[in-house]
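Student: Can you read through this structure? Questions will come right after.
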C-alpha cells in the first residue's frame, strides 16, 4: 500500500484483515512482521477516518429544523 494510493474502505478493511491473519500465524520474520504491522496501522487509520467522515455525513443528513439530531448508528 503506497501513501498516495486510492483505496476504498472495503479494500482497506480486507487488506487489514489479511494482515491480522498473517501476524497471527506468526510465521514472519521480525522485520516482515514490523512492516506488516506498520501497514496495518496505516490501514486502520484510513478506515477510522472513513468511518468518522461517514458519521459526520449522517449527522448532517439528520439535521432538522430544531438543530442536529445526532443518532448513534451502528456499522457492522
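In this note's numbering, the protein residues as written are 418 to 493. Every residue, glycine too, gets a C-beta built ideally from N, C-alpha and C.
(1) Using DSSP with H/G/I as helix, E/B as strand and the rest coil, what is residue 443?
(2) When DSSP labels each residue in this structure, what does residue 424 get in the three-state scheme?
(3) Decide if the stretch 440–452 is in contact with the stretch 465–476; the criterion is three or more beta carbon pairs, one per stretch, under 8 angstroms apart.
(4) Does the Cβ of residue 438 lie closer than 7 angstroms to at least one heavy atom of the ligand ZN?
Tutor: Concretely, from the data shown:
(1) Taking the first residue of the chain shown as 1, we reach residue 443 at position 26. It is coil, neither helix nor strand.
(2) By 1-based counting over the chain shown, the position of residue 424 is 7. DSSP places residue 424 outside both helix and strand once states are collapsed to three, so it counts as coil.
(3) No, the stretch 440–452 does not touch the stretch 465–476.
(4) The ligand ZN is not part of this structure, which contains no ligands at all.
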